[in-house]
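Enquirer: Taken in order, the sequence shown gives residues 2 to 676; the numbers are from the working numbering. Think of the CB as a built atom: it goes at the ideal place given N, C-alpha and C, for glycine as much as any other residue. Small disclaimer: the values here were computed from a predicted structure and weren't measured.
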Amino acid sequence: MNIRNHKKKFSSIEALFQHFFTENGYQSSDQLLFLIVLVDFFRPKNPKEKTTVSIEPLLHYLAENKEHKEILKNYLADVLQKRKFSRMLSDTGILRDSDFMYEVKKRISDKLLPFQPEKDTLEFVLNQVFFKSSDPIWITKIPFEELQKFFDVVEFETIYNTVSEKSVLSEVMNAMSLISQRMSGRAMENDVIKMVPEYDDLESPFVAFENEFHSVKKKIKEGENHFVASDDLNYKQLLILHKQCEEYVDKAFGNSSKFGISLKVNQSLLRIRQQLHRIKVLLSSLVINSEIDKKNNTIHLALRLIKYNCHKNNVRQLINESTQLISYEITQHTAKTGEHYITESKSEYFSMLKAAVGGGFIVGLLCIIKTLLSKIDTSAFGHALYYSLNYSIGFITIYLLGYTLATKQPAMTAATLIKALESGLKKQSKNENKHSSFAQLFARLFRSQFIAFVGNVFMAFPVSLLGIWLIDYVFDYNIAFEKSAKLLNDLSPISSAAVFHAAIAGVFLFLSGIISGNVSNKNKHNQVYFRIKEHPLLKQNFGKKKTEKIANWFENNWAGFVSNGWFGVFLGSTASIGIFLGLNLDIRHITFASGNFALGLYGANFFVDFWTIFWSIIGIGIIGFMNFIVSFLLSLGLAFRSRNIPLSELGLLRKSTWAYFKTRPSAFFFPVKNK
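(1) Leaving out five residues before and five after Ile95 in sequence, what residues of the same chain have Cβ atoms less than 7 Å from its Cβ?
(2) Quick one: Cα of Ile578 to Cα of Ala381, how far?
(3) Output yes or no for whether 8 Å exceeds the beta carbon distance between Val316 and Arg108.
(4) What are the boundary residues of the alpha helix (DSSP H) that includes Phe86?
(5) Write down the C-beta distance between Ser1 and Phe214 rounded to the nearest angstrom, noting that I regard them as a contact closer than 8 Å.
(6) Starting from the C-beta of Ala440, find all residues in its chain whose C-beta is less than 6 Å away, skip the five residues before and the five after it, and write them out in chain order.
(7) Between Tyr474 and Ala499, what straight-line distance do the alpha-carbon atoms span, to the nearest angstrom?
(8) Over the uninterrupted alpha helix (DSSP H) stretch that includes Tyr603, give me the two end residues.
(9) Any contact of the region 302-320 with the region 136-152, i.e. 3+ C-beta pairs under 8 Å?
(10) Need the endpoints of the alpha helix (DSSP H) that Arg665 sits in, please.
(11) Hey, out of Phe396, Ser348, Met353 and Lys355, whose CA is closest to Cys368's CA?
(12) Taking the alpha helix (DSSP H) that Leu36 belongs to, which residues open and close that run?
(13) Once the 5 residues before and after His526 are set aside, which same chain residues still bring their CB inside 7 Å of it?
(14) Short of 7 Å in beta carbon distance, which residues of its chain neighbour Lys83, apart from the five on each side in sequence? Order them along the chain.
(15) Ile452: buried (16+ other C-beta within 10 angstroms of its C-beta) or exposed?
(16) Given 8 Å as the limit, is there contact between the region 600-614 and the region 555-572, that is, 3 or more CB pairs closer than that?
(17) Taking the alpha-carbon of His502 as reference, which of His69, Met627, Ser348 and Ser393 has the nearest alpha-carbon?
(18) Report yes if the CB atom of Ser389 is closer than 8 Å to the CB atom of Val520, and no otherwise.
(19) In angstroms with no decimal places, state the Cα-to-Cα distance between Gly625 and Ile480.
(20) Can you tell me whether Val217 is helix, strand or coil according to DSSP?
(21) How many angstroms separate the CA atom of Val80 from the CA atom of Gln32?
(22) To which residues does DSSP link Thr122 through a beta bridge?
(23) Given a threshold of 16 other Cβ atoms within 10 Å of its Cβ, counted over all protein chains shown, does Asp294 qualify as buried or as exposed?
(24) Label Asn298 either buried or exposed according to how many other C-beta atoms from any shown protein chain fall within 10 Å of its C-beta, with 16 as the threshold for buried.
(25) Hey, how far is the Cα of Phe35 from the Cα of Phe21?
(26) At a cut of 8 Å, does the region 57-75 reach the region 9-18 through at least three beta carbon pairs?
(27) So the candidates are Thr324, Asn597, Asn212 and Val288; which of them puts its Cα closest to the Cα of Phe254?
(28) How long is the line joining the alpha carbons of Asn558 and Gly468, rounded to whole angstroms?
(29) Using beta-carbon positions only, say whether Ser595 and Ser493 come within less than 8 Å of one another.
(30) So the candidates are Leu170, Lys142, Leu148 and Lys85; which of them puts its Cα closest to the Cα of Pro118?
(31) Using a threshold of 8 Å, state whether the C-beta atoms of Phe509 and Phe568 are closer than that.
(32) Going by DSSP in three states, Phe22 sits in which element: helix, strand or coil?
(33) What residue from Gly514, Phe670, Phe671 and Tyr200 has the CA that sits closest to Leu635's CA?
(34) What does a CB cutoff of less than 7 Å around Leu373 pick up in its chain, not counting 5 residues either side in sequence?
(35) DSSP puts Val288 in a beta bridge; with which residues?
(36) Taking the alpha-carbon positions, what's the Phe531 to Ile551 distance?
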């Protein structure tokens, strides 16, 4: 029988039962087929619809047909009896390892080709019957009263009748024992302990929890009643210890801003947190305060098993949980760095202009050097190497001299804006505009970016023009003569892919900010400053004060040094990668666009028509806007995600910023006093 067409064949519950059940019992070579078809009969086409899913037709049919009810009861007992599932409770949906990439690959692989456990396990049954990720959604829409009626109709036993080997309750407690042992071991690892120095002289709460759980487990197994009441002293102590374990993990995560955190440690802590949540949920299965709780707890356990099994290969959830704290630490660093890129007073505004002029001067030289490097007869890889070195050395020089490259700010300042938003949400009342502080800070960012554009563009142009003229004057050679048409055409937003290429540069600007934050986080976690400061060989050769200065320089500058170097590699190698892949890939940056505009004009001996000049100038502006908006939005999205702020806030921020612009447009271009 084709299961996909069963709804056409079985128009009713009665037809379904008549097909599979006879007087002699269940009739099929596949033991699970009836259960698969029965579940699919009630599975809605769109599980996310808000409508209730009712199993009332099934309940009504069983009430009217005692014979089939008895067969179904025996069938379910045969299918579910003595199925092992303790490892399913302890493992399913919980990180298997601290290796993030391994976990991602494992889940993707299992999603495409699902792992099939032994046939005597409950996981095998659930894999065959509830195999869709949407199944937990529609199952929760079945009224709980109907589930209770079904429980009574088929005369299921509660999990508290016996604690013999392979019984349901025994499997649950075995899973909890295994989880508590794993938590204790993981919490004692050196990298985890390092995150919580406050617990150095204290007993591990995980070890205490494990010991207390064994006491509760023993009481349940040996007692007359195979459960505990909520007022049981051992159970209360277990909850207190569980709370202490949660505080331990929270403290470790909280200390990440002080000590930094690696992805491996993040995964270890995340795994412990998942295990703590799992064991807390399972603890409720051991508590009975009234007779009805036995039935309800049994039903809830079944629903949880279905949910855990359906969500065990959820890749999106894994990535979200695993990268949130790391992204938070990265954006914390960029937020601190970004504060230096946002001007407020007139003096800061004009200081930014001076720094941008210095950056424009160096970029003008880089444009000339790149043009000369393009004349070297080498492979695409060779050009990628030369261009990358040119860009990297130039960007690192700009950084070390304290100059500014336009568009570097957005990737660094998005997190700073989010901090302002968080502050506004905390301090202001519901009746006030909670996003006003964001709008004011965005205005400061925009005018800082504007003056950086002005300084870069208006300096790169004359430096490039003067440089190419000097080369022509001294060597009688116009280095841009052959490339003039391409240099000018590449700036046009209508006859080239300048807009797309500018967006690619915006992505690289965002990535350079990520690299800067990640390097800073790793340096903090690996205690690089302290290692350099106390390095015996350095202290012996340079002295204590100079060694400390080296350590300070490294702490304050290494992240920016590395990120600028990689930014240069990204820009220098993109075109060559595009050639290799046969794709139209390249980058456009506003400051380089200005320098290349000067080179293109001189290369053509200034014999350029009006429209070429017009579209080149328009193109430079659009390139700058794309550099800004792409890097800013990507960084803003990361900052939103790292702080669990819903993206719906973006609409409110846009409205608030637009309202502020309409009242004070000059604040977006020039320094003004806040009202």
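Expert: Checking against the coordinates, here is how it stands:
(1) Cβ within range, chain order: Arg272, Gln275, Gln276 and Arg279.
(2) One C-alpha to the other measures close to 8 Å.
(3) Contact annotation: Val316 and Arg108 have beta-carbon atoms nearer than 8 Å.
(4) In the DSSP assignment, Phe86 falls outside any alpha helix (DSSP H), carrying neither H nor E.
(5) Nothing can be reported for residue 1, as the shown portion of the chain is limited to 2 through 676.
(6) Taking C-beta separations shorter than 6 Å and ignoring five residues to either side along the sequence, the partners of Ala440 in its chain run Ser657, Thr658 and Tyr661, following chain order.
(7) Cα to Cα, Tyr474 sits roughly 32 Å from Ala499.
(8) Counting along the chain, the alpha helix (DSSP H) containing Tyr603 begins and ends at Ile591 to Gly604.
(9) Enough Cβ pairs lie closer than 8 Å, so yes.
(10) It is not in any alpha helix (DSSP H) - Arg665 carries neither H nor E in the DSSP assignment.
(11) Among Phe396, Ser348, Met353 and Lys355, the Cα nearest to that of Cys368 belongs to Phe396.
(12) Leu34 to Phe43 is the span of the alpha helix (DSSP H), which, as asked, contains Leu36.
(13) If you ignore the 5 residues before and after His526, its C-beta comes within less than 7 Å of the C-beta of Phe260, Gly261, Ile262 and Ser263, all in its own chain and listed in chain order.
(14) Closer than 7 Å at the Cβ level, and outside the excluded window around Lys83, lie Lys167.
(15) With 16 or more other Cβ atoms within 10 Å, it is buried.
(16) No: the two stretches stay apart, fewer than three of their Cβ pairs being nearer than 8 Å.
(17) From the listed residues His69, Met627, Ser348 and Ser393, the smallest Cα separation to His502 is found for Met627.
(18) It is not a contact, given that the beta carbons lie outside the stated cut-off.
(19) Answer to the nearest angstrom: the Cα atoms are 26 Å apart.
(20) Val217 carries a helical assignment under DSSP once its states are collapsed to helix, strand and coil.
(21) Straight-line Cα distance between these residues: approximately 7 Å.
(22) In the DSSP secondary-structure assignment, Thr122 is bridged to Lys85.
(23) Around the beta carbon of Asp294, 16 or more other beta carbons lie within 10 angstroms, which makes this residue buried.
(24) Looking at its Cβ environment, which holds 16 or more other Cβ atoms inside 10 Å, Asn298 is buried.
(25) The alpha-carbon of Phe35 is positioned some 7 Å away from that of Phe21.
(26) Yes, the region 57-75 is in contact with the region 9-18.
(27) Ranking the options by Cα distance to Phe254, first place goes to Thr324.
(28) Gly468 has its alpha-carbon roughly 31 Å from the corresponding atom of Asn558.
(29) In this structure, Ser595 sits away from Ser493, with a CB-CB distance that is not shorter than 8 Å.
(30) Looking from the CA of Pro118, the closest CA among Leu170, Lys142, Leu148 and Lys85 belongs to Lys85.
(31) Taking a C-beta distance under 8 Å as the contact criterion, Phe509 and Phe568 qualify as a contact pair.
(32) In this structure, Phe22 counts as strand in the three-state DSSP scheme.
(33) Measuring from the Cα of Leu635, the nearest candidate turns out to be Gly514.
(34) Exclusion of the five residues before and after Leu373 leaves Ile480 as the residues of its chain whose Cβ lies within less than 7 Å of its Cβ.
(35) BP columns for Val288 point to Val229.
(36) Approximately 11 Å, taken between the alpha carbons.
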